[in-house]
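Protein chains: 2
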Amino acid sequence: MPLKPNETRLRAPSARSLETRTRIVDAAERLFAARGYDGTSMRDIATEADVHVGLVSHHGGNKIALFHYTVGRRAGELSQRRVDALEQMKAKGDLTVADVLRCFVDPLLTLSQEGGPQWRAYARLVAYVSADDRWRTLAEVCFDPAAQKFVDELVALKPDRSRALAAATLVYTVSALLAQITSSWRIDALAGERSIRFQQHRKMLLDFCVAGAERLLD
Amino acid sequence: MPLKPNETRLRAPSARSLETRTRIVDAAERLFAARGYDGTSMRDIATEADVHVGLVSHHGGNKIALFHYTVGRRAGELSQRRVDALEQMKAKGDLTVADVLRCFVDPLLTLSQEGGPQWRAYARLVAYVSADDRWRTLAEVCFDPAAQKFVDELVALKPDRSRALAAATLVYTVSALLAQITSSWRIDALAGERSIRFQQHRKMLLDFCVAGAERLLD
DNA sequence: GTCTATAATGAGATAGAC
DNA sequence: GTCTATCTCATTATAGAC
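Line order of the protein sequences matches chains Y and L.
First residue of the first sequence: 1, per this note's numbering; consecutive thereafter.
First residue of the second sequence: 1001, per this note's numbering; consecutive thereafter.
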């Protein structure tokens, strides 16, 4: 955990130490996602990780550093998956607007559903960070580089449309994606149905966003 | 403030008292919207309202009651404006899907932009409450009755489509609306433009959502 | 109604024993 | 690396003076 990047370590951390760190960050990920930054105490994290309080500071630094690290830990992998999907799609032939949105939406949507409990928590954490102005800079650092690439791609596809339209398309799509992840229960509740299946949710989300994108960009 | 509805008051509250209460709830509205429930202390609220600590509890009850009251205070008016807009539109002639979404989106969007600082704060508070699972019941009580009416309306317009599609349409639209309110800066940032005008944002939002809705429902 | 004082709790951080 | 103990501070809530 590179919390103090300019400090050199005397020796490599032991396997046990690494495992403890992972447990702590995993616990932080679940709790920050569920209760937010202020709603989670270092003690909560220690309990959830089943370690003693002091260890959380020892491995995670202070609370804000731990939060930043937790958000950043999977951000690179998420961005990479998104960009990789885009590159693969481009290699296959000409892109459509629908392709671009799918490559952006699918990685997080699929990981949140099928990536296990930690990715599920991380997806909620992304939604939390994205919604709160307080984490604007963090969100910009973690998520905007990839987002910019996708806006670029939309602009390249529709060069006669303004960049503002492409940017709005992406922001609305992200918001619907995060709503799908955090609030699919609300769709079920308003629909009066027990529980709609994941693939049906995914299809509705993509249909909605692609149609919106085409309206703004065509 | 009907915090203890079954307690009868000995006499009507004085004008001074009412003004103090309003100041406290206004302050709570701004702070809860900006920093969330856990990020806001009763002392912060007292300072923001320029009253002494004890008065916040005296007028607002405990913290959670104050939060519920703050969220609920404008919820009725918001719902009323939405439903009124819908009724007026129906009186004019046959509804379209675009009409229904406009009647849902416009009241909060306009109030957040032109309703003064308190409505601006309240719009952010709505976004906060809607995003956090912890306030699910509160959100259901405050916002779902009106939302149900709009889903009903969409179902009535497109009786051959499933209610799940109408529900998804509304949830995605709400998410884009709240993104517009809380994160229009992000659209500007990704667009690389200084600041896009409100009417342009409004048009992009409605175009996107209406197209998405028509794709899901037509 | 308004303000002060205080009780009780829980927070983050850290020094040092093992 | 791990765990305990403790310091210091901020929090909510309330009792009671004015």
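Here a beta-carbon is modelled for each residue, glycine too, at the ideal position from N, C-alpha and C.
Can you check the region 24–87 of chain Y for any alpha helix (DSSP H) of at least 4 residues that lies completely inside it and give the ranges in chain order?
-> 42–49, 53–60 and 63–73
Determine the chain L residues that contact Q148 of chain Y at a beta-carbon separation under 7 angstroms, and present them in chain order.
-> Here residue 148 of chain Y refers to the residue found at position 148 when the first sequence is read from its first residue. Under the 7 angstroms cutoff, chain L gives L1190.
Selected residue, minimal CA-CA separation from A33 of chain Y, among L:P1145, L:D1133 and L:D1026 = Here residue 33 of chain Y refers to the residue found at position 33 of the first sequence. If we check each option's Cα against that of A33 of chain Y, L:D1133 comes out closest.
The region 1138–1152 of chain L touching the region 1164–1171 of chain L, judged by at least three CB pairs closer than 8 angstroms = yes
In whole angstroms, what is the alpha-carbon distance linking G1020 of chain L and V71 of chain Y?
-> As a first step, residue 1020 of chain L is located in the second sequence; it is residue number 20 there, counting from the start. As a first step, residue 71 of chain Y is located in the first sequence; it is residue number 71 there, counting from the start. Residue identity check: residue 1020 of chain L is Thr in the sequence provided, not Gly. Those two C-alpha atoms are separated by around 41 angstroms.
Kindly say whether G60 of chain Y, judged by its beta-carbon, lies nearer than 7 angstroms to any beta-carbon of chain L.
-> Along the first sequence, read from residue 1 onward, the residue named residue 60 of chain Y stands at position 60. Taking Cβ atoms only, chain L never reaches closer than 7 angstroms to G60 of chain Y, which makes this a no.
Cβ shell of V1056 of chain L (< 6 angstroms), same chain only, five flanking positions each side left out | The sequence position of residue 1056 of chain L within the second sequence is 56, counting from 1. Cβ neighbours of V1056 of chain L beyond the five flanking positions: I1024, M1042, I1045 and A1046.
Chain-order list of residues whose beta-carbon lies under 6 angstroms from that of A1075 of chain L (same chain, five-residue window excluded) | As a first step, residue 1075 of chain L is located in the second sequence; it is residue number 75 there, counting from the start. Closer than 6 angstroms at Cβ, skipping near neighbours: C1142.
Taking contact to mean at least 3 C-beta pairs separated by less than 8 angstroms, is the region 1169–1186 of chain L in contact with the region 1083–1090 of chain L?
-> no
Residues in the region 1141–1171 of chain L having any Cβ partner in chain Y nearer than 8 angstroms | Under the 8 angstroms Cβ criterion, the region 1141–1171 of chain L contributes D1144, A1147, Q1148, V1151, S1162, R1163, A1164, L1165, A1166, A1167, A1168, T1169, L1170 and V1171.
Near R102 of chain Y, which residues of its chain fall below 7 angstroms by C-beta distance, leaving aside the five closest residues on each side in sequence?
-> The residue given as residue 102 of chain Y occupies position 102 in the first sequence. Cβ neighbours of R102 of chain Y beyond the five flanking positions: L206.
Compile a chain-ordered list of the residues in the region 1193–1209 of chain L whose CB is closer than 9 angstroms to at least one CB of chain Y.
-> E1193, I1196, Q1200, H1201, M1204, L1205, D1207, F1208 and C1209
Roughly how far, in whole angstroms, is the beta-carbon of H1068 of chain L from the beta-carbon of L1178 of chain L, given that I think they are within contact range, below 8 angstroms?
-> Translated into the one-based positions of the second sequence, residue 1068 of chain L becomes position 68. Translated into the one-based positions of the second sequence, residue 1178 of chain L becomes position 178. About 20 angstroms; that fails the 8 angstroms criterion.
Would you grab the beta carbon distance between L190 of chain Y and L1154 of chain L for me? Rounded to a whole angstrom, and I think it's under 8 angstroms.
-> Reading the first sequence from its first residue, position 190 is the one you call residue 190 of chain Y. Reading the second sequence from its first residue, position 154 is the one you call residue 1154 of chain L. Contact doesn't hold; Cβ gap of about 10 angstroms is too wide.
Nearest neighbour of V51 of chain Y, chosen from Y:A121, Y:F198 and Y:A28 [CA to CA] = Against the first sequence, residue 51 of chain Y aligns to sequence position 51. The shortest C-alpha separation from V51 of chain Y is found at Y:A28.
For I181 of chain Y, decide whether its Cβ has a neighbour in chain L, counting only Cβ atoms nearer than 7 angstroms.
-> Here residue 181 of chain Y refers to the residue found at position 181 when the first sequence is read from its first residue. False, the Cβ-Cβ gap to chain L never drops below 7 angstroms.
When burial is assigned at 16 or more other CB atoms within 10 Å of the CB, is A12 of chain Y buried or exposed?
-> Looking up residue 12 of chain Y in the first sequence gives position 12. Answer is exposed; the Cβ neighbour count stays below 16.
From what residue to what residue does the alpha helix (DSSP H) around T173 of chain Y run?
-> Working through the first sequence from its first residue, we reach residue 173 of chain Y at position 173. Where T173 of chain Y is concerned, the enclosing alpha helix (DSSP H) stretches over R163 to A191.
Could you work out which residue in L:L1109, L:H1058 and L:A1121 is closest to G1036 of chain L when comparing CA atoms only?
-> Taking the second sequence and counting its residues from 1, one reaches residue 1036 of chain L at position 36. Checked all of L:L1109, L:H1058 and L:A1121; the closest Cα to G1036 of chain L is L:A1121.
Partner residues on chain L for I187 of chain Y, Cβ-Cβ distance less than 8 angstroms | Numbered from its first residue, the first sequence carries residue 187 of chain Y at position 187. In chain order: A1164, A1167, A1168 and V1171.
Does the beta-carbon distance from R1081 of chain L to P1117 of chain L come in below 7 angstroms?
-> The residue given as residue 1081 of chain L occupies position 81 in the second sequence. The residue given as residue 1117 of chain L occupies position 117 in the second sequence. For R1081 of chain L and P1117 of chain L, no; Cβs fall outside 7 angstroms.
Let me know if S195 of chain Y comes out buried or exposed under the rule of 16 or more other beta-carbons within 10 Å of its beta-carbon.
-> Here residue 195 of chain Y refers to the residue found at position 195 of the first sequence. Burial call: exposed.
Span of the alpha helix (DSSP H), counted from its first residue to its last, around K149 of chain Y | In the first sequence, the residue the question calls residue 149 of chain Y occupies position 149. Looking at the DSSP string, the run of the alpha helix (DSSP H) that includes K149 of chain Y is R136 to L157.
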